[in-house]
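These notes concern the structure reproduced below.
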Amino acid sequence: MTSLKYLQGYPASLQEQVRLLCERGHLQAYLSSRYPGSHSVQSDKTLYTYTLEVKQAYLKNAPGIDKVLYDAKLDVMQKALGLHTSISRVHGGKLKAKKEIRIASLFKDAAPEFLKMIVVHELAHLKEHEHNKAFYQLCEHMLPGYHQIEFDLRVYLLWRDQEQNGPAIS
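Here numbering that gives the first Met the number 0 is used: position 9 in the sequence shown is 8, and no number is missing along the way.
Written as structure tokens, this is what we have:
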């Protein structure tokens with residue numbers, strides 16, 4: 000049985016449903032019916048503002064964010080849809096920490112739910128560093144339906160690959 004990239008950890012029954020959608024050419028119809036809109040967060044400045052609004056709504060006491068930007072260098076194949084970093088530097092006699100969030104630039108053209116899912120995921124790392132139960136509970140708190148949106152985002156990535164490179168089944 001062949002496998003679908005991006006869906007390795009999901010049950011075989013779900014993978015088979017997606018495989019059938021791929022083979023029949025119905026991925027776009029599935030995604031369009033669930034996520035018909037697009038967002039207006041196109042610049043790094045608006046992405047920063049958007050991320051701060053989400054942070055303020057759910058993580059008021061979390062550390063501040065110094066920079067948020069779209070990054071064309073993030074590689075989807077390396078499972079980097081977003082990236083959070085904390086850089087510490089000695090500045091005078093003090094240690095300064097800067098926190099950055101980078102979002103893969105492919106999300107400029109994605110559904111607003113997908114962008115929010117990535118932002119929520121990276122913001123959750125401000126409180127929980129590991130992908131553990133508490134991390135995913137926080138993600139679900141900030142974005143109800145987080146798990147379904149994450150699954151559909153993976154289906155979206157398959158569809159993008161299919162559009163660019165032919166069949167998504169590997």
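Beta carbons are placed, not taken as given, at the ideal position from N, Cα and C, and that holds for glycine.
Keep in mind the model is a prediction, meaning the values are calculated, not measured.
Counted within 10 angstroms of its Cβ, other Cβ atoms place residue i as buried (16 or more) or exposed
i: residue 54; result: buried
i: residue 110; result: buried
i: residue 81; result: buried
i: residue 153; result: buried
i: residue 169; result: Bear in mind that the predicted position of residue 169 carries a pLDDT of just 46, short of 50, making it unreliable; the figure below should be weighed with that in mind. So residue 169 counts as exposed.
i: residue 112; result: buried
i: residue 93; result: exposed
i: residue 142; result: buried
i: residue 67; result: buried
Supposed close pair residue i, residue j - CB separation, criterion 8 Å
i: residue 69; j: residue 108; result: Actually they are not in contact, since the Cβ atoms of residue 69 and residue 108 sit about 11 Å apart, beyond 8 Å.
i: residue 30; j: residue 158; result: 6 Å
Residue i vs residue j beta-carbon contact at 8 Å
i: residue 73; j: residue 103; result: yes
i: residue 64; j: residue 46; result: no
i: residue 126; j: residue 58; result: yes
DSSP beta-bridge partners of residue i
i: residue 83; result: 100
Residue i: CB within 7 Å of a non-hydrogen atom of the ligand NAD
i: residue 156; result: The ligand NAD is not among the ligands present in this structure, which contains no ligands whatsoever.
At least 3 beta-carbon pairs within less than 8 Å: the segment 23–34 vs the segment 93–103: No, because fewer than three Cβ pairs between the segment 23–34 and the segment 93–103 fall closer than 8 Å, the two stretches do not touch.
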